[in-house]
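Engineer: Just dropping this structure here.
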Amino acid sequence: MNTLFDKIWDAHVVDTIAGGQQIFYIDRHLIHEVTSPQAFDGLRKRGIPLAHKERIVATADHNVPTINQDQPIGEPLSRKQVMMLTTNCDEFGVELYGLGHPYQGIVHVIGPELGITRPGITMVCGDSHTSTHGAFGAIAFGIGTSQVEQVMATQCLLLKKPKKMRISVDGDLQAGVTAKDVILYIISQIGTGGGTGYFVEYAGSAIRGLSMEGRMTVCNMSIEMGARGGMIAPDQTTFDYLEGREFSPKGQAWDDAVAYWKSLPTDEGAIFDKELNFRAEDIQPMVTYGTNPGMGMGVTERIPVESKIHGAAGLDKAMKYMGLQKGQPLEGMDISHVFIGSCTNSRIEDLREVVRLVGDKKVADSVTAIVVPGSQQVAKQAITEGLAEKLEAAGFEFRQAGCSACLGMNEDKIPAGKYCVSTSNRNFEGRQGPGARTILASPLTAAAAAVSGKVVDVRKF
Ligand code: SF4
C-alpha cells in the first residue's frame, strides 16, 4: 500500500547513497529570469553543457511590465534580467516563451495550461510556488539557485525524502467560499511552520470537488505552511483539463498516459506520517490581518488579541506594520487598492468569477483596482469571452500578463501605507512594495472590496 507521493518518488530514485540521500531524477525544469542567471553562469564557467535542454522551458514573468510590453522595459534592473534570460536561452538552446510570445506568462500558469505539467512527473523551478503543479498529481517543488545549476548539469538532485502528511477537507463549502479561503483557513489553523518537513497530499470531498484552477490555488500556497510541496491525486477533473492541451500526449500516448495516471492515487490504508482533518462547513471567506499568510481569519472575525502560533512579539510587530489594532474587525475597513492576479489566482476561472460578482457595479472612486492575467493565453481568452471589456467598463485596469504586484520587483507597486486586498500568496512586509500593507483574500472578496472600497463579507454582497 503506497501513497501518491511514494509512488512517484520511488519511480524517480536513481540511486540511494550513504547517509540516506537519494539521487532523484527530474522530468521537467521550468526557469525564469530571476533564479536562472547565476546557474547559467556557473555552467559557463565550468564548461558544462545542459544535460537535457529539451526538458527545460523558460519564460519571463517576475520582472516584466504589465503595460506596453511591446516597448523596451523601463526599469533598468528588470530590463537587464529579462535580456539575460534571452541571451542565456539563445546560447544554451533552451525553449523560451519570452515577452511577446503567445505562451509567455507566470511560470506556474503556463506549465499547466500548455499541458507541460502532468500527473506522475517530477518538476522543479527556482521558485517557491512550484508547488502549484502538484495539483495534477505531480511531485513539484521549488529549488535554490545552486540546485537550478545542479539540475541543468545532471537532470538530477541530491535529496532526502520528506515525510508525508495528508490534509483532508470534507463536506460542502458555503456559497462565497473558494479554494483560496480553504488554503488560507488551513494555514491560519496550523501556522506557517505547520507543514515543515512534510510533503502534503490534499484529500477529502471538498478538495475533490474543486476545479483544476481551485486545486492549483490550494497547492500553490502549500509552501506558506512550510511544506516542501502539495499534491492532489489525479482524477477525471485532471484528465478533462489536460486533454487536448498543446503539449499533452495525443492518440494512443494519451490513452497509455491516462491508464498510468489512474494507478497513481494513494492506496486504501496507506500510512502517512501525519494526518489533519478539517470540515468545509467551518470555513468562511478569509482575510489576512498580519504579515505572514498564517495571520488569517474569517472576514467576520476580529484580529486575535493573543496568538500561540505567532507569539506576542510577532503579533505586535505585525500590528505595527499593518497599522491595525489587536481585537479590531477588518470587515468594513477602508482599502485603496485591489490586485487580482499572481500564480495563485490569475487564471480564467478567477477572472470569470470576478466578472460574475461585479455584474454591473463599478469600482469605487477611492480604489485603484488592477486585474493581471497570469498568461498571454489567459489574457487572450479573457478578451475573447468579453471579460476584459466588462472589467474595464467596471473601472478595473486590465493589464498584460506577469507577476505584477505580487512582489515589488517590477513597476506595479502598492504605495507605502496603503491597504491592498490582494489575491496573491504573500503578505510579508514590503512584499508589494516598501511599506505596502497587504490583505490576502480570494478573487471574490477582492472584487467585492474593489466595488465597495472596503473589506466586505462576500456572502452578504
Ligand atoms: S506570481 Fe508571485 S508568487 Fe507567483 S511566481 Fe510570480 S512572484 Fe512568485
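Read in order, the letters of the sequence shown are residues -15 to 445 in my numbering. We put the beta carbon where it would ideally sit given N, CA and C, even for glycine.
In chain order, what residues of the same chain have a beta carbon less than 7 Å from the beta carbon of VAL93, not counting five sequence neighbours either side?
Structural biologist: CYS327, SER330, ARG331, GLY358, SER359, VAL362
Engineer: Straight-line CA distance for VAL91 to SER112?
Structural biologist: 11 Å
Engineer: Kindly list the residues whose CB is nearer than 6 Å to the CB of GLY188, restricted to its own chain and excluding five residues on each side of it in sequence; keep chain order.
Structural biologist: Excluding its 5 nearest sequence neighbours in each direction, GLY188 has C-beta neighbours in its own chain below 6 Å: SER152, VAL153, ASP154, listed in chain order.
Engineer: In the structure shown, what three-state DSSP assignment does THR101 receive?
Structural biologist: coil
Engineer: With C-beta atoms as the reference, is PHE(-11) less than 7 Å away from LEU143?
Structural biologist: no
Engineer: Can you say whether MET(-15) is buried or exposed, counting buried as having 16 or more other CB atoms within 10 angstroms of its CB?
Structural biologist: exposed
Engineer: CB of GLU203 to nearest heavy atom of the ligand SF4: below 6 Å?
Structural biologist: Here residue 203 is Cys; the residue named in the question, Glu, does not match the sequence. Result no, Cβ not under 6 Å from the ligand SF4.
Engineer: For a test of your reading of the model: does the CB of LEU424 fall under 6 Å from any non-hydrogen atom of the ligand SF4? Yes or no.
Structural biologist: no
Engineer: Could you tell me the alpha carbon to alpha carbon distance between ASP318 and ALA348, rounded to whole angstroms?
Structural biologist: 11 Å
Engineer: Taking the alpha-carbon of CYS390 as reference, which of LEU371, ALA372, GLU413, GLY370 has the nearest alpha-carbon?
Structural biologist: CYS390 has its Cα closest to that of GLU413, out of LEU371, ALA372, GLU413, GLY370.
Engineer: State the DSSP-derived secondary structure class of HIS321, mapped to helix, strand or coil.
Structural biologist: strand
Engineer: Buried or exposed: SER130, going by 16 or more other Cβ atoms within 10 Å of its Cβ?
Structural biologist: exposed
Engineer: Since ALA44 and LEU69 are thought to touch, with beta carbons under 8 Å apart, how far apart are those beta carbons, to the nearest angstrom?
Structural biologist: 6 Å
Engineer: So, with DSSP's three-state summary, where would you put ASN394?
Structural biologist: coil
Engineer: Run through DSSP, which three-state label would LEU143 get?
Structural biologist: In the displayed model, LEU143 falls within a strand according to three-state DSSP.
Engineer: Quick one: Cα of GLU259 to Cα of VAL202, how far?
Structural biologist: 17 Å
Engineer: Per the DSSP calculation, SER359 is bridged to which residue(s)?
Structural biologist: GLY89
Engineer: May I ask whether a heavy atom of the ligand MG can be found less than 6 Å away from the beta carbon of ASP334?
Structural biologist: Ligands in the displayed structure: the ligand SF4; the ligand MG is not one of them.
Engineer: Residues in the same chain with beta-carbon distance under 7 Å from PHE120, minus the five sequence neighbours each way, listed in chain order, please.
Structural biologist: For PHE120, where only same-chain residues beyond five positions count, the Cβ hits under 7 Å are PRO96, THR101, ARG102, PRO103, PRO218, THR222.
Engineer: Please return the same chain residues whose Cβ sits closer than 6 Å to the Cβ of GLU79, not counting the five positions on each side in sequence.
Structural biologist: VAL41
Engineer: May I ask which residues mark the beginning and end of the alpha helix (DSSP H) holding ILE7?
Structural biologist: First-last for ILE7: 6 to 9, but that is the beta strand (DSSP E), not the alpha helix (DSSP H).
Engineer: Note down the Cα distance separating PRO313 from HIS36, rounded to an integer number of angstroms.
Structural biologist: 53 Å
Engineer: If we call anything under 7 Å between Cβ atoms a contact, is VAL439 one with LEU428?
Structural biologist: no
Engineer: Candidates GLY110, ILE123, ILE171: which alpha carbon is nearest PHE480's?
Structural biologist: What the structure shows of the chain is the stretch from -15 to 445, and residue 480 is not part of that stretch, so it cannot be assessed.
Engineer: So what does ASN261 bridge to, in DSSP terms?
Structural biologist: SER152
Engineer: What do you reckon, is the C-beta of CYS109 under 6 Å from a heavy atom of the ligand SF4?
Structural biologist: no
Engineer: Report the CB separation of GLY110 from THR19 in whole angstroms; it is logged as a contact under 8 Å.
Structural biologist: 3 Å
Engineer: Ignore the nearest five residues each way along the sequence and tell me which others in ILE293's own chain have a CB closer than 7 Å to its CB.
Structural biologist: GLY175, GLY278
Engineer: Give the secondary structure of MET503 by DSSP, where H, G and I count as helix, E and B as strand, and everything else as coil.
Structural biologist: The chain is shown only over -15 to 445; residue 503 falls outside these bounds and no answer can be derived.
Engineer: Taking the Cβ atom as the reference point for each residue, do VAL338 and PHE382 lie within a distance shorter than 7 Å?
Structural biologist: no
Engineer: Name the one or two DSSP bridge partners that CYS404 has.
Structural biologist: HIS321, THR422
Engineer: Do SER20 and the ligand SF4 come close, with the Cβ less than 6 Å from some heavy atom?
Structural biologist: No, Cβ of SER20 sits at least 6 Å from all heavy atoms of the ligand SF4.
Engineer: Which of the three DSSP states is assigned to MET(-15) in this structure?
Structural biologist: DSSP, read as helix, strand or coil, puts MET(-15) in coil.
Engineer: Would you say the beta carbon of HIS13 is closer than 6 Å to some non-hydrogen atom of the ligand SF4?
Structural biologist: no
Engineer: Start and end of the alpha helix (DSSP H) containing VAL132?
Structural biologist: Counting along the chain, the alpha helix (DSSP H) containing VAL132 begins and ends at 129 to 138.
Engineer: Which residue or residues does DSSP assign as beta-bridge partners of HIS13?
Structural biologist: ILE40, VAL108
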